[in-house]
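**Student:** First to last, the protein sequences are chains A and B. Its first residue numbered 51, the first sequence is counted upward by one per residue in my numbering. Its first residue numbered 6, the second sequence is counted upward by one per residue in my numbering. Where is the CB? At the ideal position from N, CA and C, for every residue including glycine.
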Amino acid sequence: MNFLPMLLPAIVALFIAGALLPLAFRDPRREAVASFVPAAASSLLTVALSASVLLSGSALRLSSPVVEAIPSMSLSFYVDGIGAFFMLIIGLVSTSVSIYSLGYSGAYSGKHSIRALGSLLNLFVLSMILVTATNNVFSFLLFWELMSLASFLLVVYEHEKETNLRSGITYLVMTHIGTALITAAFLVLYFQTGSLSFDSFRSAAGQLSSFTKGLVFVLALAGFGTKAGLVPMHIWLPEAHPSAPSNVSALMSGVMLKVGIYGLVRVTLGFVVPSSPGDAWMGLLMVVTGSFSALVGVLYASVEHDIKRALAYHSVENIGIIVLGLGLSVVFMSFGLQSLAALALLASMYHSLNHAVFKGLLFMGAGSVLMRTGTADMNRMGGLVKKMPWTALFFLVGSIAIAGLPPLNGFVSEWLTMQALLSSYQVPNVVLQLSIGFASIAFALTLGLASATFVKLFGISFLSRPRSKAAEEAIEAPKSMLAGMTLAGSLCVVLGVLPFVATSAVASAFGFDIGLVSSYAPFGPLTVGYAANGLRSVSSLSMPQVLVITGAVGAALLGFVTVVGPGRKTVTRRYTTWEGGFGALDERTEYTATSLSQPIRSAFRSFFRPHTSVKREYYSDSNHLIKRSVSVTSETREVFEDHLYSPALRAVVAVLDRVRRLQTGRINSYLLYIMVATISLLLLVVLQP
Amino acid sequence: MTLFTTGADSLKVVAIGALQVVAVFAFAPLLTGIMRKVKARTQKRIGASVFQPYYEISKLWSKDEVVSDYSSWVFRSAPWVVALATITAALFIPVFVPFSPFSAAGDVLLVIGLLALARFFTMLAGIDAASAFGGIGTSREMMISSLVEPGLFLTIFVVSLTLGGTDLTSLVGAAARSGVVIAPSMLFGLISFFIIILAETGRLPFDNPATHLELTMVHEAMVLEYSGRSLALIEWSQSTKQLVLLALLANLFLPLGMPTSIDVGLLPLGLGALAVLAKVALISVLVAYVETRVAKWRLFRVPDLLTVAIASAMVGMIFFYL
Numbered sequence: 051m052n053f054l055p056m057l058l059p060a061i062v063a064l065f066i067a068g069a070l071l072p073l074a075f076r077d078p079r080r081e082a083v084a085s086f087v088p089a090a091a092s093s094l095l096t097v098a099l100s101a102s103v104l105l106s107g108s109a110l111r112l113s114s115p116v117v118e119a120i121p122s123m124s125l126s127f128y129v130d131g132i133g134a135f136f137m138l139i140i141g142l143v144s145t146s147v148s149i150y151s152l153g154y155s156g157a158y159s160g161k162h163s164i165r166a167l168g169s170l171l172n173l174f175v176l177s178m179i180l181v182t183a184t185n186n187v188f189s190f191l192l193f194w195e196l197m198s199l200a201s202f203l204l205v206v207y208e209h210e211k212e213t214n215l216r217s218g219i220t221y222l223v224m225t226h227i228g229t230a231l232i233t234a235a236f237l238v239l240y241f242q243t244g245s246l247s248f249d250s251f252r253s254a255a256g257q258l259s260s261f262t263k264g265l266v267f268v269l270a271l272a273g274f275g276t277k278a279g280l281v282p283m284h285i286w287l288p289e290a291h292p293s294a295p296s297n298v299s300a301l302m303s304g305v306m307l308k309v310g311i312y313g314l315v316r317v318t319l320g321f322v323v324p325s326s327p328g329d330a331w332m333g334l335l336m337v338v339t340g341s342f343s344a345l346v347g348v349l350y351a352s353v354e355h356d357i358k359r360a361l362a363y364h365s366v367e368n369i370g371i372i373v374l375g376l377g378l379s380v381v382f383m384s385f386g387l388q389s390l391a392a393l394a395l396l397a398s399m400y401h402s403l404n405h406a407v408f409k410g411l412l413f414m415g416a417g418s419v420l421m422r423t424g425t426a427d428m429n430r431m432g433g434l435v436k437k438m439p440w441t442a443l444f445f446l447v448g449s450i451a452i453a454g455l456p457p458l459n460g461f462v463s464e465w466l467t468m469q470a471l472l473s474s475y476q477v478p479n480v481v482l483q484l485s486i487g488f489a490s491i492a493f494a495l496t497l498g499l500a501s502a503t504f505v506k507l508f509g510i511s512f513l514s515r516p517r518s519k520a521a522e523e524a525i526e527a528p529k530s531m532l533a534g535m536t537l538a539g540s541l542c543v544v545l546g547v548l549p550f551v552a553t554s555a556v557a558s559a560f561g562f563d564i565g566l567v568s569s570y571a572p573f574g575p576l577t578v579g580y581a582a583n584g585l586r587s588v589s590s591l592s593m594p595q596v597l598v599i600t601g602a603v604g605a606a607l608l609g610f611v612t613v614v615g616p617g618r619k620t621v622t623r624r625y626t627t628w629e630g631g632f633g634a635l636d637e638r639t640e641y642t643a644t645s646l647s648q649p650i651r652s653a654f655r656s657f658f659r660p661h662t663s664v665k666r667e668y669y670s671d672s673n674h675l676i677k678r679s680v681s682v683t684s685e686t687r688e689v690f691e692d693h694l695y696s697p698a699l700r701a702v703v704a705v706l707d708r709v710r711r712l713q714t715g716r717i718n719s720y721l722l723y724i725m726v727a728t729i730s731l732l733l734l735v736v737l738q739p
Numbered sequence: 006m007t008l009f010t011t012g013a014d015s016l017k018v019v020a021i022g023a024l025q026v027v028a029v030f031a032f033a034p035l036l037t038g039i040m041r042k043v044k045a046r047t048q049k050r051i052g053a054s055v056f057q058p059y060y061e062i063s064k065l066w067s068k069d070e071v072v073s074d075y076s077s078w079v080f081r082s083a084p085w086v087v088a089l090a091t092i093t094a095a096l097f098i099p100v101f102v103p104f105s106p107f108s109a110a111g112d113v114l115l116v117i118g119l120l121a122l123a124r125f126f127t128m129l130a131g132i133d134a135a136s137a138f139g140g141i142g143t144s145r146e147m148m149i150s151s152l153v154e155p156g157l158f159l160t161i162f163v164v165s166l167t168l169g170g171t172d173l174t175s176l177v178g179a180a181a182r183s184g185v186v187i188a189p190s191m192l193f194g195l196i197s198f199f200i201i202i203l204a205e206t207g208r209l210p211f212d213n214p215a216t217h218l219e220l221t222m223v224h225e226a227m228v229l230e231y232s233g234r235s236l237a238l239i240e241w242s243q244s245t246k247q248l249v250l251l252a253l254l255a256n257l258f259l260p261l262g263m264p265t266s267i268d269v270g271l272l273p274l275g276l277g278a279l280a281v282l283a284k285v286a287l288i289s290v291l292v293a294y295v296e297t298r299v300a301k302w303r304l305f306r307v308p309d310l311l312t313v314a315i316a317s318a319m320v321g322m323i324f325f326y327l
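Structure representation (structure tokens):
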């Protein structure tokens, strides 16, 4: 018997149970169990559902459970490969986050309502899963809105802080601008096809004019790009993610941004379908915005000292890398280079999966630190590797993964992205070749800055000595939180060492032959073919072999040390760091996050426009040699807020001020408006031929 | 499971790999010694013997170690990670013969990744001991490495466009076949790669390997807290990285004397290996000579030079496409 069609209703039922059950309890501990255990269980079921769809390779279609009185307003579900792949991302991350939340919600016990957190979290995850499963515009937008509203309420969960409310409003406004653009894109498609079903969009894909294609694409890129956090629509992201509770940040950053990517992939590859060289500009637009986002995101992250804001900016960066890969794929597709299109798509989707896993892990690690030290300011952390050894280890794993270093998963997807960039010489257009070349400069700079930034994030938060009393007294996070992080951390390792898992999932989701980019064997290498000067060569990367070789080198090194070079028996003494003869070091002599990034800030000063003001106070005005106090404030400017959003906001407010004059408050002027309106409508009717 | 899918049989592959890595590891300190000697002579000093780095390593090896109480396991493990990553990277590079024994397993991008992993742990170790010196070093290295990375990648981009792919065996083979590479893209790539190597191995004008002055040191500041065996490992890895990168420069850009494939017989292979040694020695003499002619640059002028490297690679790329 086939259980597959039963899985989706079961998932929905479990999530709804997770949303309702906590309302029946009064005790915070029970509320947490009642909401997060069902969430974890249904997330696991989601993984099972998506894995079975991906393994069987056949899509799952569900007849609508709601009466189809109005066909376009019915709920319609269809889980194909693409939907299943993104469902897999959601399921994997939300499983580990749900387990983590069991312990993390303890931080709010007694202060905030745990049941609100649990219910909303269930609704949030459920709505994301349903977005990837819907098959018409109505149900898509319905769950999309549900997702936005649930996440908005979660962002303002700690509502007593005014900054959280402000970031919540920014998020709400930006996400609705995005929704408006997405709706517009769907409306254009509706006018072309006369239907609101995704099936008819798909079947009409070949017949759209190039203008319609372009219009739909631009609207979708702007709309879904707002959700995904592409520059310059990213401004809500570094506000909203730090405001939300950390388990929610992990979901928002790891998963919700990917739902934005899902929408972009669905529209671009499903409805617009680039097929002729004339469509290459769409890919180029994505390459440009993607590489720009990556660079801007990592630059802001590199000077940030709030750990969650830094991670949020890194999300902007990684979304940029994902969109860059997707754009390359569209460029290759437009020129009919199918195997390269598969390579770039694989890079992009692999990175989506990877980013979900390691960013979820990093936000969970940041949450543990936040819970135990009560601060997100890295300048007040330090020394946590001794107080929270497991959290530190997981954060290090996440840092190595996101910095794109071998042998973890970030390296593999960035290797694929680099290969896609290097393959761009096959595009028969010199403008595109050069633009992609320039994009790869931005990409490489991003990688360099990212690994430097994670030295700072891990080093300042976890290494050296505690910089505050709170950091000194921190203790390890509860076991359930460590369990959640263990799951995500081991996924980072598995996806890095066994790329076959991810490559076969992506190949099955998008229906391309895996042999185009990788060998068929589970332990075989990833391969990319090149041709130059009449010669053919194959670049390959096989992580299992790299691991074996590294292990052999390690064994040889150990053997060398123990057999060949034992030398004299040496003693290792422990002593404090040499303080230069000035007496015991205190934490003020240590490097901080701000001072560590000072050279980067000054190397990129034309971007950051750093502003440092020094305030000196003297005991008397006559003698400026003896100072009472000196205080230094240093800040960097938000280019996009200063030069894009503030002027736009001012202009809107100015226009609205004019409009407000219409509203005089006198009844006779309103009667005048009504008369004018009526007469002009009558005239319109009369004059119409 | 096919572990090695190259033409040569796997025993030969492992033998070449092992021989090469042993040779690299053994010769690396000698190269450092030669550079110091040349530098001393151009400064009208006699200088220490070229074997001095070996004496230093063996001295450090038998010394006791002091580890700061403030530091953690990250500090203790960093030298091992650095050594492991550097030696593994050396295995993937064709140094003496035009053949990378494990090119079925990894390419030049993996090599860059492994070297970046080593740097990542060195930078973390700099912070770990809570000394402000380590912080200075890490902070400077963060800026330099974030600009070195794009330069290195772009150079690889240019090389890969001109010679095809990222597989090191075929890259070096293609370079050897084309004889002296005079393609303009390769010339600009050479300029940028040379600058990148100076930065990557911590030579003047980026960093002074012979100083312990807080105003100037970068790499030395990061490893300041190390002593004994850990320091020996770090120094040895640093020499290895230097040799490997210089050999890569010689093999990709100055392939003179390198046989085009591994199947040409022992004599040409041996001659090729000697040629590589000679070229690497020559380049290191050049580097040492440059070091006596330039002063250490002010830290905030360093980005300018790295920008020159990036721009040069960019020009190379434009030359290739136009």
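(1) Under three-state DSSP, which class holds B/Ala20?
(2) Do we get a CB-CB distance below 7 Å when we pair B/Gly170 with the residues of chain A?
(3) Give the residues of chain A in contact with B/Ala188, contact being defined as C-beta atoms less than 9 Å apart.
(4) Looking at the C-beta of A/Leu499, does it have a partner C-beta in chain B at a distance below 7 Å?
(5) What residues in its chain sit with their C-beta under 6 Å from that of B/Leu8, if we drop five residues either side in the sequence?
(6) Just reading off the alpha helix (DSSP H) that A/Thr622 is part of, what are its end residues?
(7) What separation, rounded to the nearest whole angstrom, lies between the Cα atoms of A/Ala453 and A/Ala500?
(8) If you draw a straight line from the alpha carbon of A/Gly509 to that of A/Thr225, how long is it in whole angstroms?
(9) For A/Thr96, is the classification buried or exposed, using 16 other Cβ atoms within 10 angstroms of its Cβ as the cut-off for buried?
(10) Among the residues of its own chain, which have a CB less than 6 Å from the CB of A/Glu629, if the five just before and after it don't count?
(11) Counting along the chain, where does the beta strand (DSSP E) carrying A/Tyr723 start and finish?
(12) In whole angstroms, give me the CA-to-CA distance for B/Thr174 and B/Gly22.
(13) On a Cα-Cα basis, can you pick out the residue from A/His693, A/Ile450, A/Ala360 that is closest to B/Leu122?
(14) Of all Cβ atoms in chain A, is any one closer than 7 Å to the Cβ of B/Ser15?
(15) Give the residues from the stretch 98-123 of chain B that approach chain A closer than 7 Å (Cβ to any Cβ), ordered along the chain.
(16) Under the assumption that A/Val187 contacts A/Val266 (Cβ atoms under 8 Å), give the Cβ distance between them as a whole number of angstroms.
(17) Beta carbons nearer than 9 Å to chain B: which residues of the stretch 500-516 of chain A have them?
(18) Tell me whether the beta-carbon of B/Pro106 lies closer than 7 Å to the beta-carbon of B/Val18.
(19) Skipping 5 residues on each side, what residues in its chain have a beta carbon closer than 7 Å to that of A/Ser352?
(20) Look at the Cβ atom of A/Tyr240, then the Cβ atom of A/Asn185, and state whether they are nearer than 7 Å.
(21) B/Ala135 CB to nearest chain A CB: under 7 Å?
(22) CB A/Ala521 to CB A/Ile139, shorter than 7 Å?
(23) For B/Thr245 and B/Glu146, I'd like the C-alpha separation in whole angstroms.
(24) Exposed or buried, B/Gly12, counting other C-beta atoms within 10 Å across all chains shown (16 or more means buried)?
(25) Are the stretch 316-336 of chain A and the stretch 658-670 of chain A touching by the rule of at least three beta carbon pairs closer than 8 Å?
(26) Chain B beta carbons: is any one of them nearer than 7 Å to that of A/Phe344?
(27) Give me the Cβ distance between B/Phe193 and B/Val163, rounded to the nearest whole Å; I'm assuming they're in contact under 8 Å.
(28) If you scan the stretch 550-594 of chain A from start to end, which runs of the beta strand (DSSP E) of 3 or more residues do you find wholly inside it?
(29) Just to make sure I have the definition right: I need the residues of chain A whose C-beta is within less than 8 Å of the C-beta of B/Phe305. Which are they?
(30) Helix, strand or coil, according to DSSP, for B/Asn256 in the structure here?
(31) Quick check: the Cα distance between A/Leu731 and A/Val317, rounded to an integer number of angstroms?
(32) At what residues does the beta strand (DSSP E) containing B/Leu304 begin and finish?
(33) Are the CB atoms of A/Gly304 and A/Lys25 within a distance shorter than 7 Å?
(34) Do A/Leu466 and A/Leu412 count as a contact pair if the criterion is CB distance below 7 Å?
(35) With DSSP as the reference, label B/Thr344 as helix, strand or coil.
(36) Compare the C-beta of A/Trp465 with all C-beta atoms of chain B and state if any pair is closer than 7 Å.
**Tutor:** So, to answer that:
(1) For the purposes of this step, residue 20 of chain B is taken as residue 15 along the second sequence, with counting starting at 1. Reduced to three states, the DSSP call for B/Ala20 is helix.
(2) If you number the second sequence from 1, residue 170 of chain B lands on position 165. Yes, because at least one Cβ of chain A sits closer than 7 Å to the Cβ of B/Gly170.
(3) Taking the first residue of the second sequence as position 1, residue 188 of chain B is located at position 183. The contacting residues do not exist; B/Ala188 stays about 10 Å from chain A at best.
(4) Counted from its first residue, the first sequence places residue 499 of chain A at position 449. Taking Cβ atoms only, chain B reaches closer than 7 Å to A/Leu499, which makes this a yes.
(5) Residue 8 of chain B sits at position 3 when you count from the first residue of the second sequence. With a pLDDT of only 41 at B/Leu8, under 50, the local geometry of the prediction cannot be trusted, and the value read off the model is given with reservation. Around B/Leu8: no qualifying Cβ.
(6) Numbered from 1 along the first sequence, position 572 holds the residue referred to as residue 622 of chain A. Unbroken run through A/Thr622 is the beta strand (DSSP E), 622-625; no alpha helix (DSSP H).
(7) Numbered from 1 along the first sequence, position 403 holds the residue referred to as residue 453 of chain A. Numbered from 1 along the first sequence, position 450 holds the residue referred to as residue 500 of chain A. If I take the Cα positions, the gap works out to 6 Å.
(8) Counted from its first residue, the first sequence places residue 509 of chain A at position 459. Counted from its first residue, the first sequence places residue 225 of chain A at position 175. When rounded, the distance between both Cα atoms is 34 Å.
(9) To locate residue 96 of chain A, count along the first sequence from 1; it is residue 46. That one is buried.
(10) Counted from its first residue, the first sequence places residue 629 of chain A at position 579. Correct list, in chain order: Leu635.
(11) Reading the first sequence from its first residue, position 673 is the one you call residue 723 of chain A. Not the beta strand (DSSP E): A/Tyr723 falls in the alpha helix (DSSP H), residues 717-737.
(12) What you label residue 174 of chain B is simply residue 169 of the second sequence in a count that begins at 1. What you label residue 22 of chain B is simply residue 17 of the second sequence in a count that begins at 1. Those two C-alpha atoms are separated by around 13 Å.
(13) On the second sequence, position 117 is the one that residue 122 of chain B refers to. Ranking the options by Cα distance to B/Leu122, first place goes to A/Ile450.
(14) Within the second sequence, the letter at position 10 stands for residue 15 of chain B. No - not a single Cβ of chain A is within 7 Å of the one on B/Ser15.
(15) Phe107, Ala109, Ala110, Gly111, Asp112, Leu114, Leu115, Gly118, Leu119, Ala121, Leu122
(16) On the first sequence, residue 187 of chain A is found 137 positions in, with the first residue counted as 1. On the first sequence, residue 266 of chain A is found 216 positions in, with the first residue counted as 1. In fact, because the Cβ distance is near 13 Å, the residues do not count as touching under 8 Å.
(17) Ala500, Ser501, Ala502, Thr503, Phe504, Val505, Lys506, Phe508, Gly509, Ile510, Phe512, Leu513, Ser514, Arg515
(18) For this step, residue 106 of chain B is matched to residue 101 along the second sequence. For this step, residue 18 of chain B is matched to residue 13 along the second sequence. Yes.
(19) Translated into positions along the first sequence, residue 352 of chain A becomes position 302. The answer, listed in chain order, is Leu499, Ala502, Thr503, Ser647, Ile650.
(20) On the first sequence, position 190 is the one that residue 240 of chain A refers to. On the first sequence, position 135 is the one that residue 185 of chain A refers to. In this structure, A/Asn185 does not lie closer than 7 Å to A/Tyr240 by Cβ.
(21) As a first step, residue 135 of chain B is located in the second sequence; it is residue number 130 there, counting from the start. With 7 Å as the cut-off, B/Ala135 counts as an interface residue toward chain A.
(22) For the purposes of this step, residue 521 of chain A is identified with residue 471 of the first sequence, where counting begins at 1. For the purposes of this step, residue 139 of chain A is identified with residue 89 of the first sequence, where counting begins at 1. Not in contact: A/Ala521 and A/Ile139 (Cβ atoms no closer than 7 Å).
(23) The residue labelled residue 245 of chain B in the question sits at position 240 within the second sequence. The residue labelled residue 146 of chain B in the question sits at position 141 within the second sequence. Answer to the nearest angstrom: the Cα atoms are 19 Å apart.
(24) As a working note, residue 12 of chain B is residue 7 in the second sequence. For B/Gly12, the pLDDT reaches just 48, beneath the cut-off of 50, and the residue's location in the model is therefore unreliable, although a value from the coordinates is still provided. Looking at its Cβ environment, which holds fewer than 16 other Cβ atoms inside 10 Å, B/Gly12 is exposed.
(25) no
(26) Start at 1 with the first residue of the first sequence, and residue 344 of chain A comes out as number 294. Per the sequence presented here, residue 344 of chain A reads as Ala, with Phe not at that position. No, its Cβ sits nowhere closer than 7 Å to a Cβ of chain B.
(27) To locate residue 193 of chain B, count along the second sequence from 1; it is residue 188. To locate residue 163 of chain B, count along the second sequence from 1; it is residue 158. The pair is a contact, with the Cβ atoms about 7 Å apart (cut-off 8 Å).
(28) 576-582, 585-591
(29) To locate residue 305 of chain B, count along the second sequence from 1; it is residue 300. What B/Phe305 touches in chain A: Pro649, Ser652, Ala653.
(30) Residue numbering aside, residue 256 of chain B sits at position 251 when the second sequence is read from its first letter. DSSP places B/Asn256 in helix when its eight states are reduced to three.
(31) Residue mapping note: residue 731 of chain A aligns to position 681 of the first sequence, counting from 1. Residue mapping note: residue 317 of chain A aligns to position 267 of the first sequence, counting from 1. So the alpha carbons of these two residues sit roughly 39 Å apart.
(32) Here residue 304 of chain B is taken as the residue at index 299 of the second sequence, counted from 1. Note, B/Leu304: premise wrong, no beta strand (DSSP E); not H, not E.
(33) No answer is possible for residue 25 of chain A: the residues shown for chain A start at 51 and end at 739.
(34) Position 362 of the first sequence, counting from 1, holds the residue named residue 412 of chain A. Position 416 of the first sequence, counting from 1, holds the residue named residue 466 of chain A. In this structure, A/Leu466 does not lie closer than 7 Å to A/Leu412 by Cβ.
(35) The structure shown has nothing for residue 344 of chain B, since chain B only spans 6 to 327.
(36) Mapped onto the first sequence, residue 465 of chain A falls at position 415. Yes - at least one Cβ of chain B is within 7 Å of the one on A/Trp465.
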